[in-house]
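> I'd like to ask you about the structure that follows.
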Amino acid sequence: MGPKQKKPRSLTKQDSAEPGLMIAASRRVVLAADIVDGTMLHALALENLQQFKSMHPDSPLCCGQAASQPEALELSWASACSGSEGAFYVTEAMNAAYKRMSVPVSLEHVFSCERAPEKQKWIQALLAVGPLRDIDSDDWPPAIDHESFGHVEHGGIGFGHCVFQDITELKGLEAACCKHNRSCDVPSVDILVVGTSCKDLSRLNHTADGAGAGSRTSKQVLAQASSRGGSAQTFAGLLGYVESHRPLCVLYENVDAINDQAGACEDNNLKILLGKFHALGYEAQPVMTDACEFGLPVHRHRVYILLVNKRSPKLDLLSRPLDIVMQKFRQLVSSCARSPPCLSKVLLDDDHEAVEKSYEERLARAQKSQAKKSPSTKTVNWVNQHMKHADSLGVRWASAPGEALQGNKWFQLLTEREADALKLSEVEAPSAGFRNLAQSIGRNNFVTRQEDGTHLGPTMLPGQLMWTNLTQPQPRLLSGFEAMMLQGFPIGPCLMRMNEEGYLVTAEAATAKQKEFPTDSLLQDLAGNAMALPVVLSMMQAALSALWLQPAQQESNAMAVETALGAMFLLSSGGLGPGDSQAAEDDDEDF
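Just so we're aligned: 216 in this note's numbering is position 216 of the sequence shown, and the numbers increase by one with no gaps anywhere.
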């Protein structure tokens, strides 16, 4: 018998943090104003590095040996299933913090990959306007000098590179690029940030294979060749890219339901994922997280997995073995914990431009829908459900709303079903701060008040219709702008920059050929699928601090071997090209 194969490491929620570090770190409270004005990521990035320095005063803050190199170290990064491309602003904040702390390391964007056309347009606009602040300035937000950020055309290092269209094509040498309207070379990168489709894994998904809404996933989705929502296909696309292009490390994100047990004698999807990457030579460290543990005033339970290519010639495994890397990674992630501000302090005033825009867009949509209204069998279904629910609550169904709702202009935007769901929800859970009216009756309430009197919101979801009682002077629907803020996205400065560069199209300026952009509906969708950016920031900063890399001069010979092995793989597989398989239609790939 051969030697016993090492099991991939796994990590439970209980093991995911050093308790003492997290308790101490969580005494820090994120400022609500930093979330609203978009400065939070920059503030957290600098604080995190300062915390790392206090924990390990004699250890380099990034990449170990980089500080001793005569030239600055540039690390390339990319994202797949990119969605809102919030990782771009995470790396911008990291670069600013490294510069402030005199760490000679910078992160350079190489490509994004997104299937949904409207999100492709968003990503191209975001990359085109570039960073939100001058890396050498302490002011926010200063004017941008594009030349100082290496804003170059395709073929060089800088932001604004390729936007590939399909993760299943990234295993090849070339893939379709919507930015350049042609096939472009698919490069290898040092860091890949990715969250493959969660549609067939999520407990909330009504169409998950073998699962009803709210149930645990009962299928080994990631072991399948294809799945209804595209989770299997997008995961296979990720494996294809990793096998052929061998990134130094991958930061992977997905719903925590990936760890649900598939069956009594079966491996769950997390174990399948770890096994697949273990076979490719990647060491894995999963961490179960909740966004509120990193300073956001909402829940978002997700698993993040740091995957490190233990065969990479860039790693200095003699100075720091992978077991030590993962131990340091866990400690540093724990030190990034923070408490969130009260959610009510983050929500915008009713007269804010973004809130008014959300109202006007919903009003136009409601009027258009009313004009096209036709009888539907779905009406009968929800009426029956609501009548039964009202009976269980001991109230009369279809009773008139109270005076407060009758005079609320936002209430007038709701459909008959949504309005009835809200009325029943207020009877069922009068203290709920949020009610997702897109959910089925009885599943739409969320009590936000914590023991200390502050409020903590629910997970932002695609397709959500969040009614909140925490706004003043009256309850209303949550805007897409606010949903983006609650993921840590610097949406205010981002839209300001897009407007300055001419990428925004208002409803008044929209034409048949040039649609309004971005709509509040798009922002809702981006937010519902986005990663919680303070969590991504913590994971990336901790990973780069824990990893030690070889000095450039010692790396070159080993890199030649790695390149040759990659070329041999492509040749032996018949020169893999784009389009070998197609993922199912999926507007949820960036989860």
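Just so you know, even glycine gets a beta-carbon here, dropped at the ideal spot from N, CA and C. In this text, all values refer to a predicted model and were calculated from it rather than measured experimentally.
Under a three-way DSSP split, which group does ASN23 fall into?
The amino acid occupying residue 23 in the given sequence is Ile; Asn does not appear at that position. In this structure, ILE23 counts as helix in the three-state DSSP scheme.
> Suppose you measure from the CA of ARG115 to the CA of LYS121; what does that come to, to the nearest Å?
11 Å
> Roughly how many angstroms separate the alpha carbons of GLY502 and MET94, rounded to a whole number?
27 Å
> Residues in the same chain with beta-carbon distance under 8 Å from MET628, minus the five sequence neighbours each way, listed in chain order, please.
Outside the shown range of the chain (1 to 591) lies residue 628, about which nothing can therefore be said.
> Measuring CA to CA, which of CYS184, LEU44, LEU495 and LEU73 is closest to PRO641?
Not covered by the structure: residue 641. The range shown for the chain is 1 to 591.
> Which of the three DSSP states, helix, strand or coil, is assigned to GLN487?
coil
> Can you check which of these residues, SER334, SER82 and TRP410, is closest to GLU253 by C-alpha distance?
SER82
> In this structure, how does DSSP classify CYS113 when only helix, strand and coil are distinguished?
In the structure shown, the three-state DSSP call for CYS113 is strand.
> On a Cα-Cα basis, can you pick out the residue from GLY442, ALA546, LEU21 and PRO19 that is closest to GLN285?
ALA546
> Can you name, in chain order, every residue of its own chain whose Cβ lies under 7 Å from the Cβ of ASP185, other than the five neighbours on each side?
LEU173 and GLU174
> Report yes if the C-beta distance between SER479 and MET55 is below 8 Å; otherwise report no.
no
> As a quick exercise: from CYS113, GLN220 and MET539, pick the residue whose alpha carbon is nearest that of VAL163.
CYS113
> With DSSP as the reference, label VAL536 as helix, strand or coil.
helix
> When you compare the CB positions of ASP30 and MET40, do they come within less than 8 Å of one another, or not?
Checking the sequence, you will find Val at residue 30 rather than Asp. Yes, the pair counts as a contact, with Cβ atoms nearer than the cut-off.
> Thinking C-beta only, is LEU73 closer than 8 Å to VAL110?
no
> Return the CA-CA distance between ALA32 and GLY38, expressed in angstroms with no decimal places.
10 Å
> DSSP three-state call for ASP260: helix, strand or coil?
Correct three-state label for ASP260: coil.
> On a CA-only basis, which of ALA232, ALA125 and MET466 is nearest LEU270? Give me that one, please.
It is ALA232.
> Contact between the stretch 331-347 and the stretch 531-551 is defined here as three or more beta-carbon pairs at a separation below 8 Å; is this criterion met?
yes
> Leaving out five residues on either side along the sequence, give the residues of the same chain with a beta carbon under 8 Å from the beta carbon of TYR282.
VAL242, VAL250, LEU307, VAL308, ASN309 and LYS310
> Residues bridged to ASP136 by DSSP?
DSSP, once it has assigned bridges, lists no residue as partnering ASP136.
> Once the 5 residues before and after ALA429 are set aside, which same chain residues still bring their CB inside 6 Å of it?
ASN445
> Is the stretch 505-520 touching the stretch 380-397 in the sense that three or more CB pairs, one from each, lie closer than 8 Å?
no
> For GLY158, which three-state DSSP category applies?
The predicted position of GLY158 is uncertain, since its pLDDT is 36 and thus under 50; a value taken from the coordinates is nonetheless stated next. If DSSP states are grouped into helix, strand and coil, GLY158 belongs with coil.
> What residues are listed by DSSP as bridge partners for LEU274?
Beta-bridge pairing links LEU274 to no other residue.
> Taking the C-alpha atoms as reference points, what is the distance between LEU470 and VAL346?
10 Å
> To the nearest whole angstrom, what separates the beta carbons of LEU549 and LEU192, a pair I think is in contact under 8 Å?
Not confirmed; about 16 Å, so no contact.
> What would DSSP say about THR168, mapped onto helix, strand or coil?
helix
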